[in-house]
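I have placed the structure first, in the form of structure tokens, so that the comments after it can refer back to it.
Protein chains: 2
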Amino acid sequence: MNQSGESLRDRKKRRTRAALERATVRLAAERGYDHVTVEEIAAEADVSVRTFFNYFASKDEALIGADPEAGPRMAERITSAADGVSPFEAYRQSVLAEITDELNNARDLWLLRKEVLMQRPDLLVRAFANSAESEQLLAAAVGERAGLPESHLYPRLVVAAGSAAFRCAVTRWALDDNVALGDLVGEALDLFGTGLVHVPPHHHEGGTS
Amino acid sequence: MNQSGESLRDRKKRRTRAALERATVRLAAERGYDHVTVEEIAAEADVSVRTFFNYFASKDEALIGADPEAGPRMAERITSAADGVSPFEAYRQSVLAEITDELNNARDLWLLRKEVLMQRPDLLVRAFANSAESEQLLAAAVGERAGLPESHLYPRLVVAAGSAAFRCAVTRWALDDNVALGDLVGEALDLFGTGLVHVPPHHHEGGTS
DNA sequence: CTGCAAACTTGCAGTGACTGCAAAAACCTC
DNA sequence: GAGGTTTTTGCAGTCACTGCAAGTTTGCAG
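Line order of the protein sequences matches chains A and B. Residues in the first sequence are numbered from -2 upward in steps of one, following the numbering used here. Residues in the second sequence are numbered from -2 upward in steps of one, following the numbering used here.
See below:
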């Protein structure tokens, strides 16, 4: 093995994966998601179509490029939070940390994705369909912290709320350039945290509030 | 036009749609969703494949059989709720009413769908991808009642919470026969209403509640 | 450096969802 | 029943996605 811990092979794999993700997002933003074929994406990334499907289970997945390690990473963050932290708060922080990291690493990709998602909001919903095992993992972590049995609604609900918050935040983000995605997700999670029976106040743009 | 307001044509259309939905659910429950082709479904319902796609945009849609009138109906219920009712409560009641109706009209179909969704939970998520305009409609109704602008996060979030509640409730429902789906959705919405920072108490099975 | 095994890539053939189009059939109105 | 409107259908075609059986590249040990 290499002393760096990352072999030539590993490096190549990461580069290929990134190239495919990048090609998908770029082409989709450029000429519309369904005017791009997998064949074109593969060509752009200089691999065969078959290889595309070795990396991503679907075209959708390549567009969002969900990091397969994100689930475990977030679960770890939840279980290792300090003792006094509530389950919801632990989850909230883990989501926000993940988003911040992601935006720092690939802000440009997200700006392109925004273009695509503005025209096809359903793609974002579909993207979450593939993340069932991650949700399972997170729900288990939340459940453990809450001291609730596997079967209880609450942990699942917290995680589903996270997806919903992210989804709504992105939709809203796509409408207006002057907000940070992380802030929007945070705001959405706060609303879920304090309860939807409370209608939030209406912030006026020009107001000094 | 017919005095009944529903012509032969209309009746046939409704019957065909129902037959396709039924065939999809039945076959999928019987031998697994992806071991059923649209060709087989169409044959079962005695129509051509092309006709299947005149009724449903996708196989997924036929499995869930989302009533296209459900969105407008729910929106109407929200806007026409009594004056003192909060936006969230109005939404909550509209969701519960819709589910009660649906279960009364097609409980058998839902029992079969349960079988399918137990093995492929992702199908439920995907089903919501197609209901973007309905969500839009509901969000507008909630927003109006809350006196918030179109662009605000809150209405979208309420509606997304509804989807999430439904999704989690169905997942939970599929695990255990002794609960009513309506109750689970109600419970989930209550948690969203009062806020996820509050960890709910753990109900023991043997309780007499 | 060589040879071997494991991992990765590729082509190919095939399945099945989904679409547009134009002709045929069914229905509705008068 | 003629004539206009919908609905159904068949057909040809595109594209996502899969399994399989080579081919190629990389890792490693001798």
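Just so it is clear, CB atoms sit at the ideal spot from N, CA and C, and this is done for glycine as well.
- By the rule that beta-carbons nearer than 8 angstroms mark a contact, Val155 of chain A touches chain B.
- For Glu184 of chain A, the chain B residues whose Cβ falls inside 7 angstroms of its Cβ are Leu150, in order along the chain.
- DSSP places Asp173 of chain A outside both helix and strand once states are collapsed to three, so it counts as coil.
- For the region 103 to 120 of chain B, residues whose beta-carbon sits nearer than 9 angstroms to a beta-carbon of chain A comprise Pro118, Asp119 and Leu120.
- With respect to the 8 angstroms criterion, Pro84 of chain A and Val196 of chain B are classified as neighbours on the basis of their beta carbons.
- Distance from the Cα of Val92 of chain A is smallest, within the candidate group A:Ala20, A:Ala67, A:Arg169 and A:Leu193, for A:Ala67.
- Here DSSP, grouped into helix, strand and coil, assigns Asp187 of chain B to helix.
- Distance between Val167 of chain B and Ala162 of chain A, taken at the CA atoms: about 20 angstroms.
- Between the region 119 to 129 of chain A and the region 132 to 141 of chain B there are fewer than three C-beta pairs closer than 8 angstroms, too few to call the two in contact.
- Looking at A:Leu172, A:Ser148 and A:Thr97, the one whose alpha-carbon comes closest to that of Met71 of chain A is A:Thr97.
- With respect to the 8 angstroms criterion, Leu114 of chain A and Leu106 of chain A are not classified as neighbours on the basis of their beta carbons.
- Contiguous alpha helix (DSSP H) elements confined to the region 19 to 59 of chain B occur at 35 to 41 and 46 to 52, taking only those with 4 or more residues.
- Straight across, the Cα-Cα distance linking Ser4 of chain A with Ala16 of chain A is about 18 angstroms.
- In the three-state reduction of the DSSP assignment, Ser91 of chain A falls in the helix class.
- Listed in chain order, the beta strand (DSSP E) elements of length 3 or more contained wholly in the region 57 to 142 of chain A amount to none.
- Taking 8 angstroms as the cut-off, the beta carbon of Glu36 of chain A is found closer than this to the beta carbon of Val46 of chain A.
- For Ser148 of chain B, the closest alpha carbon among the candidates A:Pro69, A:Arg169, A:Glu112 and A:Lys9 is that of A:Arg169.
- At a cut-off of 8 angstroms, the C-beta of Gly140 of chain B has no neighbouring C-beta in chain A.
- Closest in C-alpha terms to Val176 of chain A, from the list A:Leu108, A:Val156 and A:Asn51, comes A:Leu108.
- Going by beta carbons, Leu60 of chain A and Ala87 of chain A fall outside the 8 angstroms limit.
- The Cβ neighbour count for Leu172 of chain B, taken over all protein chains shown within 10 Å, is under 16; the residue is labelled exposed.
- Look at Val182 of chain B here: in three-state DSSP terms it is helix.
- By the C-beta density criterion, Ser131 of chain A is buried, having at least 16 other C-beta atoms within 10 angstroms.
- Beta-carbon to beta-carbon, Ala143 of chain A and Pro152 of chain A are separated by about 6 angstroms, close enough to satisfy the 8 angstroms threshold.
- Nearest CB-CB separation between Arg123 of chain A and chain B: below the 8 angstroms threshold.
- One finds Ala157 in chain A with Cβ atoms closer than 8 angstroms to the Cβ of Arg164 of chain B, taken in chain order.
- Cα atoms of Ala20 of chain A and Gly179 of chain A: separation of roughly 25 angstroms, rounded to the nearest angstrom.
- Taking 8 angstroms as the CB threshold, Pro197 of chain B lines the interface with chain A.
- For Pro152 of chain B, the three-state secondary structure derived from DSSP is helix.
- Counting the other CB atoms within 10 Å of its CB gives Glu73 of chain B a total below 16, which places it among the exposed residues.
- Ranking B:Gly81, B:Asp64 and B:Leu193 by CA distance to the CA of Arg89 of chain A puts B:Leu193 first.
- Contacts between Thr168 of chain A and chain B, judged by CB atoms closer than 7 angstroms, involve Arg153 in chain order.
- Ranking A:Asp80, A:Arg117 and A:Ala63 by CA distance to the CA of Arg28 of chain A puts A:Arg117 first.
- Note on Ser77 of chain A: under 16 other CB atoms within 10 angstroms of its CB, so exposed under the neighbour-count rule.
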